[in-house]
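The block underneath contains the structure these notes are about, expressed in structure tokens.
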Ligand code: SF4
């Protein structure tokens with residue numbers, strides 16, 4: 004019998020693997036129950052902070068005919084322990100190997116976790132490539148933001164569930180269970196599941212008969228849909244919400260009650276994938292949000308509430324929610340935070356909100372400080388509004404501000420870095436006229452990546468050399484009060500190549516993983532050289548992929564995923580082309 008205690012004593016933070024946390028669920032492993040391992044391809048601390056994981060975990064466990072357990076990417080020490088003992092990666096709840104489950108479901112939120120998926124399958128005793136899986140192997144499925152371009156992971160995932168899990172996952176499980184009970188073969192099960200709205204089974208599609216340059220996969224199996232439409236929750240008010248959220252046993256990134264107030268975003272920033280793929284906007288009533296927060300507080304005792312949405316200032320009842328929560332939870336020491344507060348005039352109408360953000364810190368995301376760029380990207384934030392908001396904040400006692408920007412949009416402008424520095428200096432000086440009174444402004448800059456389904460999807464990313472030069476320029480403006488950080492350029496180039504990748508990129512991911520790439524989102528493990536080699540050995544070029552532009556009529560690798568939104572201008576931004 005496995006001595007788990009000894010294993011846990013040999014690794015750092017054993018709480019990552021032990022399970023048994025308050026509100027975790029352990030159901031019996033019965034023959035006719037659909038057993039699902041919910042796999043997050045990153046460490047416990049990150050996965051447990053993710054609201055989507057909490058929703059799916061409890062949603063499945065509420066079903067009589069199914070159970071759901073969790074598994075996270077193990078740390079290097081745990082991976083070594085498993086290898087040393089010839090053990091498979093196991094779930095937290097029953098400590099069973101991944102290969103013992105019926106379905107292993109990955110949540111794909113970030114492209115730089117792709118190699119972790121391969122590692123987890125391998126460690127869990129499951130063939131990494133779908134085509135090699137035996138008849139009785141678990142179905143490997145995936146959902147999350149990255150599934151809106153599923154092709155780069157198409158060789159490893161049997162079925163993608165695209166869209167809102169609350170709507171799709173229960174139907175998927177019920178259908179799977181009924182097909183299994185009928186004795187359907189693996190291929191038959193997948194072909195039937197592919198007919199559910201939001202399900203994409205890559206093995207039933209191909210590009211073999213396409214004209215040159217057409218990268219959109221087409222059905223190669225009769226009866227499956229030509230385009231896949233994401234499943235959508237129609238009414239957020241009545242949608243499932245887990246109030247008995249797991250209370251983690253080790254400190255996680257966001258240890259808080261996560262209350263989603265709105266799904267989708269009414270703004271139309273042209274670069275924004277989250278806004279583009281999560282349509283239409285759906286809201287929860289302030290009454291329901293208050294219920295959710297109070298019940299979750301009673302079930303967890305967590306002392307922080309985050310009101311989550313893509314753009315909370317657009318939620319029509321924000322002040323009501325904050326006022327209501329302050330009254331419901333008075334004297335309990337519960338803090339409220341609103342992470343995605345976009346600056347606009349509404350900011351001034353919400354004194355309750357201002358008092359809330361005081362505690363959490365003030366963050367603005369103007370994305371650019373150049374008027375021409377802002378117009379082109381549809382981010383219509385007036386710098387004067389930002390200045391007024393910052394001045395107001397400083398008057399109310401804030402000492403520092405965070406500003407988020409992107410550089411390298413497909414717009415021809417000079418000195419966008421200087422524009423950012425000028426705006427940061429201006430904001431800093433608003434706190435007081437004497438240099439010593441200036442506010443600290445932390446500026447975070449990311450290279451722009453043209454994401455699938457956005458207005459810029461046919462554009463290329465800037466080259467590595469251009470971005471390195473932008474980084475050099477940007478960092479030269481750092482000063483005592485203006486602290487500037489610039490995201491790792493190599494990681495951004497890789498993210499660009501993967502997010503815009505076609506079916507062939509699966510082979511690159513496989514090769515990179517074989518050569519040792521893993522935990523690519525972690526700078527201490529990321530090795531760009533390995534990826535360059537992997538692209539080369541598959542006859543591809545990493546920068547050709549991140550930077551490639553698609554002709555207006557070329558079939559996109561994600562052309563078969565229809566998010567239901569077609570901007571008149573989406574394929575017509577070439578006036579700003581600069582590569
Ligand atoms: S406001 Fe934010 S979430 Fe909404 S579309 Fe713009 S960038 Fe996206």
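Numbering (our numbering), first residue to last: 4 to 582.
Each residue gets a CB set at the ideal place from its N, CA and C atoms; glycine is no exception.
For residue 409, which residues does DSSP report across the bridge? Here residue 409 corresponds to residue number 406 of the chain shown, with the count starting at 1. According to DSSP, residue 409 bridges with 449.
Report yes or no: is there a C-beta of chain D within less than 9 Å of the C-beta of residue 85? Although the question refers to chain D, the structure presented lacks it and comprises just one protein chain.
Just to confirm the assignment: which complete beta strand (DSSP E) runs, minimum length 3, are found wholly within the region 147-173? 162-164
C-beta atoms of residue 44 and residue 501 nearer than 9 Å: Locating residue 44 in the chain shown gives position 41, counting from the first residue. Locating residue 501 in the chain shown gives position 498, counting from the first residue. For the 9 Å CB-CB criterion, residue 44 and residue 501 do not form a contact.
Is residue 1 near ligand 1, with its Cβ less than 8 Å from a heavy atom? Only positions 4 to 582 of the chain appear in the structure, and residue 1 is not among them; the question remains open.
Spatial neighbours of residue 320 within its chain, please: CB distance less than 6 Å, with the 5 preceding and 5 following residues excluded, ordered by chain position. Counted from its first residue, the chain shown places residue 320 at position 317. Excluding sequence neighbours, residue 320 sits near 289.
If you measure between the beta carbons of residue 557 and residue 216, is that distance less than 9 Å? Translated into positions along the chain shown, residue 557 becomes position 554. Translated into positions along the chain shown, residue 216 becomes position 213. Their beta carbons are under 9 Å apart, which means residue 557 touches residue 216 by this criterion.
Exposed unless 16 or more other CB atoms sit within 10 angstroms - verdict on residue 241: One-based indexing of the chain shown puts residue 241 at position 238. It is exposed - the Cβ of residue 241 has fewer than 16 other Cβ atoms within 10 Å.
Would you kindly check if the distance between the Cβ of residue 567 and the Cβ of residue 269 is under 9 Å? Working through the chain shown from its first residue, we reach residue 269 at position 266. Working through the chain shown from its first residue, we reach residue 567 at position 564. No, they are not a contact pair.
Residue 271: CB within 8 Å of a non-hydrogen atom of ligand 1: Here residue 271 refers to the residue found at position 268 when the chain shown is read from its first residue. Residue 271: yes, Cβ under 8 Å from ligand 1.
May I ask which residues mark the beginning and end of the alpha helix (DSSP H) holding residue 391? Numbered from 1 along the chain shown, position 388 holds the residue referred to as residue 391. In the DSSP annotation of this structure, the continuous segment of the alpha helix (DSSP H) that includes residue 391 starts and ends at 386-398.
Along the chain, where does the alpha helix (DSSP H) that runs through residue 280 open and close? Indexing the chain shown from 1 puts residue 280 at position 277. Looking at the DSSP string, the run of the alpha helix (DSSP H) that includes residue 280 is 276-280.
Is residue 439 buried or exposed, if buried means 16 or more other CB atoms sit within 10 Å of its CB? On the chain shown, position 436 is the one that residue 439 refers to. Classification of residue 439: exposed, given that the 10 Å Cβ count is below 16.
Could you please give me the residues that DSSP links to residue 261 through a beta bridge? For the purposes of this step, residue 261 is taken as the residue at position 258 of the chain shown. Paired residues: 309.
Leaving out five residues before and five after residue 533 in sequence, what residues of the same chain have Cβ atoms less than 7 Å from its Cβ? Translated into positions along the chain shown, residue 533 becomes position 530. Correct list, in chain order: 515, 518, 519 and 520.
Tell me whether the region 261-280 and the region 299-313 touch, counting them as touching only if at least three CB pairs, one residue from each stretch, are closer than 8 Å. yes
Return yes when the C-beta of residue 447 is under 8 Å from any heavy atom of ligand 1, and no when it is not. As a working mapping, residue 447 is identified with position 444 in the chain shown. It does not: the Cβ of residue 447 is nowhere closer than 8 Å to a heavy atom of ligand 1.
In chain order, what are the residue ranges of uninterrupted alpha helix (DSSP H) at least 4 long that sit wholly in the region 433-483? 467-478
Three or more C-beta pairs under 8 Å: does that hold for the region 406-423 against the region 457-475? yes
Based on the DSSP output, what are the partners of residue 73 in its beta bridges? In the chain shown, counting from the first residue as 1, residue 73 sits at position 70. Paired residue(s): 41.
Under the criterion of a Cβ to heavy atom distance below 8 Å, does residue 169 qualify as lining ligand 1? Sequence index remark: in the chain shown, residue 169 carries index 166 (1-based). No; taking the cut-off as 8 Å, the Cβ of residue 169 has no heavy atom of ligand 1 nearer than that.
Inspect the beta-carbon positions of residue 496 and residue 470 and report whether they are closer than 9 Å. Here residue 496 is taken as the residue at index 493 of the chain shown, counted from 1. Here residue 470 is taken as the residue at index 467 of the chain shown, counted from 1. Closer than 9 Å, so yes.
Close beta carbons around residue 274, own chain, < 6 Å, minus the five adjacent residues each side: Here residue 274 refers to the residue found at position 271 of the chain shown. Annotation for residue 274: 380, 457 and 459 place their beta carbon closer than 6 Å to its own, counting only its chain and skipping 5 residues before and after.
May I ask you to check if the CB of residue 112 is nearer than 8 Å to at least one heavy atom of ligand 1? Along the chain shown, one-based indexing puts residue 112 at 109. No, since every heavy atom of ligand 1 falls outside the 8 Å radius drawn around the Cβ of residue 112.
Bridge partners for residue 340 per DSSP, in chain order? Counting from one through the chain shown, the residue named residue 340 turns up at place 337. As computed with DSSP, residue 340 is found in a beta bridge with 309.
Taking the continuous alpha helix (DSSP H) assigned at residue 533, which residues delimit it? Numbered from its first residue, the chain shown carries residue 533 at position 530. Here the alpha helix (DSSP H) through residue 533 covers 531-540.
Could you tell me whether any non-hydrogen atom of ligand 1 is closer than 8 Å to the CB of residue 1? There is no way to answer for residue 1, as the model of the chain reaches only from 4 to 582.
What number of angstroms, rounded off, separates the C-alpha of residue 468 from the C-alpha of residue 122? For the purposes of this step, residue 468 is taken as the residue at position 465 of the chain shown. For the purposes of this step, residue 122 is taken as the residue at position 119 of the chain shown. So the alpha carbons of these two residues sit roughly 31 Å apart.
Enumerate in chain order the residues of its own chain whose CB-to-CB distance from residue 451 is below 6 Å, with the five nearest sequence positions on each side excluded. The residue you call residue 451 lines up with position 448 of the chain shown. Taken in chain order, the residues that qualify are 409, 411 and 412.
From this set, 61, 272, 559 and 129, which residue's C-alpha is nearest residue 73's C-alpha? Against the chain shown, residue 73 aligns to sequence position 70. For the residues 61, 272, 559 and 129, the minimum Cα distance to residue 73 belongs to 61.
Distance CB(residue 199)-CB(residue 224) smaller than 9 Å: The residue labelled residue 199 in the question sits at position 196 within the chain shown. The residue labelled residue 224 in the question sits at position 221 within the chain shown. Cβ distance not < 9 Å, so residue 199 and residue 224 don't count as in contact.
Below 8 Å, how does it come out for the region 245-256 and the region 10-24: are there three or more Cβ pairs, yes or no? Segments in contact, yes.
Between the CA atoms of residue 511 and residue 4 - distance to the nearest angstrom: Taking the first residue of the chain shown as position 1, residue 4 is located at position 1. Taking the first residue of the chain shown as position 1, residue 511 is located at position 508. Straight-line Cα distance between these residues: approximately 39 Å.
What do you get for residue 96, buried or exposed, if any count of 16 or more other CB atoms within 10 angstroms of its CB means buried? Taking the first residue of the chain shown as 1, we reach residue 96 at position 93. Classification of residue 96: buried, given that the 10 Å Cβ count is 16 or more.
Using the beta-carbon count (16 or more within 10 Å), is residue 394 buried or exposed? Here residue 394 corresponds to residue number 391 of the chain shown, with the count starting at 1. Exposed, by the Cβ-count rule.
My understanding is that residue 484 touches residue 442, with C-beta atoms under 8 Å, so please give their C-beta distance in whole angstroms. Position 481 of the chain shown, counted from the first residue, corresponds to residue 484. Position 439 of the chain shown, counted from the first residue, corresponds to residue 442. About 7 Å separates the beta carbons of residue 484 and residue 442, which is inside the 8 Å limit, making them a contact pair.
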